[in-house]
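The structure appears right after this line, and notes come after that.
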Amino acid sequence: GENVEQHPSTLSVQEGDSAVIKCTYSDSASNYFPWYKQELGKRPQLIIDIRSNVGEKKDQRIAVTLNKTAKHFSLHITETQPEDSAVYFCAASSDQKLVFGQGTRLTINP
Amino acid sequence: DAGITQSPRHKVTETGTPVTLRCHQTENHRYMYWYRQDPGHGLRLIHYSYGVKDTDKGEVSDGYSVSRSKTEDFLLTLESATSSQTSVYFCAISESGMQTQYFGPGTRLLVL
Numbered sequence: 263g264e265n266v267e268q269h270p271s272t273l274s275v276q277e278g279d280s281a282v283i284k285c286t287y288s289d290s291a292s293n294y295f296p297w298y299k300q301e302l303g304k305r306p307q308l309i310i311d312i313r314s315n316v317g318e319k320k321d322q323r324i325a326v327t328l329n330k331t332a333k334h335f336s337l338h339i340t341e342t343q344p345e346d347s348a349v350y351f352c353a354a355s356s357d358q359k360l361v362f363g364q365g366t367r368l369t370i371n372p
Numbered sequence: 002d003a004g005i006t007q008s009p010r011h012k013v014t015e016t017g018t019p020v021t022l023r024c025h026q027t028e029n030h031r032y033m034y035w036y037r038q039d040p041g042h043g044l045r046l047i048h049y050s051y052g053v054k055d056t057d058k059g060e061v062s063d064g065y066s067v068s069r070s071k072t073e074d075f076l077l078t079l080e081s082a083t084s085s086q087t088s089v090y091f092c093a094i095s096e097s098g099m100q101t102q103y104f105g106p107g108t109r110l111l112v113l
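Chains A and B are the protein sequences, given in the same order.
FYI, the numbering for the first sequence is 263 to 372, going by my numbering.
FYI, the numbering for the second sequence is 2 to 113, going by my numbering.
As structure tokens, then:
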């Protein structure tokens with residue numbers, strides 16, 4: 263089955279700097295890759311997603327890139343703000359299910 | 002937030018007792034999922050449903066059963082709760098198996 267590895271597990275950046283979170287997946291048949299943001303005590307919420315026929319997608323300060331050959335995808339957050347502090351999860355869709363990475367706790371320092 | 006509710010939102014129970022968690026949706030989505038979330042493990046799939054009475058196991062299904070008798074409701078049952086089942090349980094819904102999943106607010110379960 264699918265296996266998703268996410269790095270780093272914690273990330274601390276200065277406000278205004280960029281943050282990058284990386285994930286690798288194992289199943290070459292996976293074709294949908296969402297990213298979720300989870301604030302403390304809240305539910306995970308989708309922030310951006312990408313399908314395997316697209317190499318990059320951008321939405322304001324966040325972007326996701328996908329390298330199908332290497333089977334990895336990344337989340338990029340630019341001009342980070344305090345409200346970006348949260349846990350971020352990547353996922354890969356395989357056989358009607360999502361398999362999640364272990365999560366990255368992002369802290370934005372003022 | 003999508004129309005998803007979970008009940009109860011918090012529960013404390015004792016080892017060996019049965020527990021049922023309910024997920025209710027008003028979106029008429031075909032797929033429903035149950036996950037558990039534990040520190041260091043992210044979200045792990047317990048069971049999912051792809052239609053009324055159609056269910057399948059996820060990666061951590063041992064000790065759990067599910068039922069879906071109506072499109073809008075998906076029940077997760079712990080037949081005999083154990084302390085290792087202390088966790089936060091999230092329900093999610095999606096229109097299809099390869100579409101965005103929307104999560105419910107979660108249920109915090111403590112098994113003493």
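Built from N, CA and C at the ideal position, the CB exists for glycine as well.
In whole angstroms, what is the alpha-carbon distance linking residue i and residue j?
i	j	result
D39/B	Q364/A	10 angstroms
R69/B	L76/B	6 angstroms
D321/A	I310/A	7 angstroms
T272/A	F351/A	12 angstroms
E345/A	T21/B	35 angstroms
L360/A	E60/B	11 angstroms
A93/B	Y298/A	13 angstroms
P296/A	P306/A	11 angstroms
F104/B	F91/B	7 angstroms
K319/A	H11/B	38 angstroms
D63/B	G303/A	26 angstroms
Apart from the five residues just before and just after residue i, which ones in its own chain have a Cβ nearer than 7 angstroms to its Cβ?
i	result
K58/B	H48
G98/B	Y32, Y51
N293/A	R313, S314, S355
A291/A	S356
S88/B	R37, Q38, D39, L110
E267/A	C285, T286, G363
Distance cutoff 7 angstroms, beta carbons only. Does residue i sit that close to anything in chain A?
i	result
Q26/B	no
M33/B	no
F75/B	no
P40/B	no
P106/B	yes
L22/B	no
L113/B	no
G43/B	yes
G64/B	no
CB residue i to CB residue j, shorter than 7 angstroms?
i	j	result
D279/A	T327/A	no
F362/A	A353/A	yes
A82/B	V112/B	yes
H30/B	E96/B	yes
I283/A	T366/A	yes
L308/A	T78/B	no
If we cut at 7 angstroms on Cβ distances, does residue i have a partner in chain B?
i	result
L294/A	Checking the displayed sequence, the identity of residue 294/A turns out to be Tyr instead of Leu. Closer than 7 angstroms: yes.
R367/A	no
K284/A	no
R323/A	no
L360/A	yes
S355/A	yes
Given 6 angstroms as the limit, tell me if residue i has its C-beta closer than that to any heavy atom belonging to the ligand GDP.
i	result
V13/B	Annotation note on the ligand GDP: not contained in the displayed structure, which lists no ligands.
Can you list, in chain order, the residues of its chain with a C-beta nearer than 8 angstroms to that of residue i? Leave out the 5 residues immediately preceding and following it.
i	result
T15/B	A small correction: the amino acid at residue 15/B is Glu; Thr does not occupy that position in the sequence shown. So the list reads A82, V112, L113, once near-sequence residues are dropped.
Might you give, ordered along the chain, the residues of its own chain that have their beta carbon closer than 6 angstroms to the beta carbon of residue i, omitting 5 neighbours on each side?
i	result
D289/A	E264, S356
Which runs of the alpha helix (DSSP H) spanning at least 4 residues fall entirely within the stretch 14–42 of chain B, listed in chain order?
-> none
Which residue spans inside the stretch 46–71 of chain B form an unbroken beta strand (DSSP E) run of at least 3?
-> Fully enclosed beta strand (DSSP E) runs of 3 or longer: 55–58, 65–71.
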